[in-house]
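>
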Amino acid sequence: NARIVGLGRFAIKALGVRRELKEVDGCWIETHRGPVLASYHPAYILRQPGQFSAFKHGIGQAFEPEIRLLHMPKANYTIIECEADLKALKFEDDLVAVDIETTGFDHTGDRITCIGFSGWENSGVIVPGELVYTDWFNSWLTELFTSTKIKVVFHNGKFDIKFLIHQLGVPHPVNWFDTMLAHYAMN
Numbered sequence: 001n002a003r004i005v006g007l008g009r010f011a012i013k014a015l016g017v018r019r020e021l022k023e024v025d026g027c028w029i030e031t032h033r034g035p036v037l038a039s040y041h042p043a044y045i046l047r048q049p050g051q052f053s054a055f056k057h058g059i060g061q062a063f064e065p066e067i068r069l070l071h072m073p074k075a076n077y078t079i080i081e082c083e084a085d086l087k088a089l090k091f092e093d094d095l096v097a098v099d100i101e102t103t104g105f106d107h108t109g110d111r112i113t114c115i116g117f118s119g120w121e122n123s124g125v126i127v128p129g130e131l132v133y134t135d136w137f138n139s140w141l142t143e144l145f146t147s148t149k150i151k152v153v154f155h156n157g158k159f160d161i162k163f164l165i166h167q168l169g170v171p172h173p174v175n176w177f178d179t180m181l182a183h184y185a186m187n
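When the count follows this note's numbering, it moves up by one through the sequence shown with no breaks and lands on 187 for the last residue.
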């Protein structure tokens, strides 16, 4: 039986692995092409010789008789269909991730097609575009954005917030965090 080994982050992404290499190095991951063993590229090991023992162990997994897949829990998504669905939401923690999808990049001319929220382990909700522009959703989102108890997390929040303020007229979130800005600040 042939085995697929993805060497490097570009290879594993091309093979359908959607996690960071440092999280899955030396692990088998189920993909649409079958199990893939994720590992660092040998050129990386030449630049980072301290990683050689981890690389050797990870590559060794390709020669083991049994493939042990990394458990990746399936996410459950719920599509909000009415105001009652939205009002029934209770976040598990004081953190909620928000992401919008749009028809383009122009916050003045393009439209929001849906908004996703996740404040629960392995699950999230999606608000379809036709409900995004309702008064009741606007009220709910305004309440979320003005809460000081819940931190709203975005990736590229500048883009999402600009769309939400312009398209829906909601206030700027008072307690928010942008993972993209944090990434740039750390590098």
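Glycine is no exception: its CB is placed at the ideal position from the N, C-alpha and C atoms.
Here the structure is a predicted model, which is why all the values come from computation and not from measurement.
Where does residue 34 fall in DSSP's three states?
Correct three-state label for residue 34: strand.
> According to the Cβ coordinates, are residue 76 and residue 118 closer than 7 Å?
Not a contact, by the Cβ cut-off of 7 Å.
> Determine the direct distance from the alpha carbon of residue 81 to that of residue 173, and round the result to whole angstroms.
For residue 173 and residue 81, the distance between alpha carbons rounds to 24 Å.
> For residue 112, does the three-state DSSP call read helix, strand or coil?
It is a strand residue.
> Under 6 Å Cβ to Cβ from residue 140, same chain only, skipping five residues before and after it: list those, please.
Here the set comprises 86.
> What did DSSP end up calling residue 175 once you bin it into helix, strand or coil?
Coil, per DSSP.
> Excluding sequence positions up to five away, which residues of its chain have a Cβ less than 7 Å from the Cβ of residue 131?
Same-chain partners within the cutoff: 80 and 137.
> Whose C-beta lies closer than 8 Å to the C-beta of residue 147 among residues of the same chain, with five residues either side of it excluded?
174 and 175.
> By the three-class DSSP mapping on this structure, what secondary structure does residue 132 have?
DSSP places residue 132 in helix when its eight states are reduced to three.
> Determine the burial state of residue 46: buried for a count of at least 16 other Cβ atoms within 10 Å of its Cβ, exposed for fewer.
Classification for residue 46: exposed.
> Excluding five sequence neighbours on each side, which residues of the same chain lie with their C-beta closer than 6 Å to the C-beta of residue 167?
Counting only Cβ-Cβ distances below 6 Å, and skipping sequence neighbours, we find 112.
> Keeping to the same chain, check which residues put their C-beta closer than 6 Å to that of residue 164; ignore five residues upstream and five downstream.
Closer than 6 Å at the Cβ level, and outside the excluded window around residue 164, lie 170.
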